[in-house]
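Residue numbers (this note's numbering): 513 to 771.
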């Protein structure tokens with residue numbers, strides 16, 4: 513029983529920041545934005561930049577509407593709610609002060625997610641399985657570098673794709689033996705849909721570590737393995753590393769937009 517509680521605590525800790533975000537509180541406000549200021553605001557940013565700020569608003573529990581790079585009514589309302597909560601002028605305009613605050617919040621979220629999942633995930637095993645047979649063709653130095661690259665990619669992917677879920681999490685079943693465990697969970701979205709996630713763990717000297725997530729019967733690690741294999745077979749391992757680094761640069765670029 514104590515072992516099962518320990519395993520569940522590891523899973524809950526990993527879920528707390530990477531998957532579950534408190535539901536938003538939409539502050540209804542229908543103030544109009546001056547046309548001149550709105551035009552300048554839109555001209556200063558491209559769609560990808562706006563999407564990044566919409567993601568940051570959503571991660572903070574606000575409802576910016578679709579993550580579409582368009583500053584519509586719901587994004588304006590979310591901006592006003594965020595501005596009020598942070599003692600900023602509630603104009604609904606994505607000005608420099610608001611952008612800087614949102615960027616700082618997103619950096620903080622990355623730090624929190626990294627701190628929450630790093631001790632609980634077996635990134636070495638996940639990276640090794642994701643790379644498939646190519647892993648054995650790599651030198652020890654390349655393997656170490658790929659594990660770090662994969663871990664960075666996974667942590668930043670969590671932040672860049674984070675969605676709002678309700679706080680309703682159930683655990684329909686667990687299976688534990690001496691070396692391996694599966695913890696089943698179901699998360700409910702704000703629309704009432706259920707997402708089934710099974711956490712696969714193995715026992716190491718340092719404790720129980722998650723080595724795969726099965727989301728709606730699809731293995732995260734096997735999914736990455738298929739994608740990575742396609743890139744390597746069509747091009748090369750070096751191209752795969754290049755593409756992952758490109759994705760990381762895109763994410764870092766979004767974080768640096770307000771600097």
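Built from N, CA and C at the ideal position, the CB exists for glycine as well.
Assigned with DSSP and collapsed to three states, residue 559 falls in helix. Taking a contact as a CB-CB distance under 8 Å, the pair residue 583 and residue 606 counts as one, their CB atoms being some 7 Å apart.
Cβ-Cβ distances below 6 Å link residue 663 to 635 in the same chain, with the five nearest sequence neighbours on each side left out; the list follows chain order.
Distance from the Cα of residue 727 is smallest, within the candidate group 746, 754, 696, 716, for 696. Annotation: residue 716 to residue 661 spans about 22 Å, alpha carbon to alpha carbon.
With fewer than 16 other Cβ atoms inside 10 Å of its own Cβ, residue 687 counts as exposed. Under the DSSP assignment, residue 717 falls outside any alpha helix (DSSP H); it carries neither an H nor an E label. The shortest C-alpha to C-alpha distance from residue 641 to any of 725, 754, 669, 597 is the one to 725. Per DSSP, the unbroken alpha helix (DSSP H) holding residue 745 starts and ends at 732–746. Counting along the chain, residue 691 sits inside no beta strand (DSSP E), nor does DSSP assign it H or E at all.
Residue pairing by DSSP places residue 697 opposite 709 in a beta bridge. Straight across, the Cα-Cα distance linking residue 690 with residue 558 is about 53 Å. Here the alpha carbon of residue 577 sits roughly 46 Å from the alpha carbon of residue 649.
Cβ-Cβ separation between residue 722 and residue 586: approximately 35 Å, too far for a contact (criterion under 8 Å). Boundaries of the alpha helix (DSSP H) harbouring residue 587: 585–597, taken from the DSSP string. Residue 602 is positioned such that its CB atom lies closer than 8 Å to that of residue 595.
Non-local C-beta neighbours of residue 590 in its own chain, meaning closer than 6 Å and more than five positions away in sequence, comprise 569, 574, 575, 576, ordered along the chain. Cβ contact annotation for residue 737 (same chain, cutoff 7 Å, sequence separation greater than five): 641, 642, 644, in chain order.
In this structure, the straight-line span from the alpha carbon of residue 732 to that of residue 742 is close to 16 Å.
By the criterion of a C-beta distance shorter than 8 Å, residue 684 is surrounded in its chain by 696, 697, 698, once the five residues flanking it on both sides are discounted. Here residue 723 carries a strand assignment [DSSP, helix/strand/coil].
If the five residues before and after residue 598 are omitted, its C-beta is found closer than 6 Å to the C-beta atoms of 613, all from its own chain and listed in chain order.
The C-alpha of residue 593 is placed about 45 Å away from the C-alpha of residue 692. Residue burial is scored here from C-beta neighbours: residue 719 has fewer than 16 other C-beta atoms within 10 angstroms and is therefore classed as exposed. Counted as a single uninterrupted DSSP element, the stretch harbouring residue 633 is not any alpha helix (DSSP H), since DSSP gives it neither H nor E. Shortest Cα-Cα distance from residue 753 to any of 572, 565, 656, 564 involves 656.
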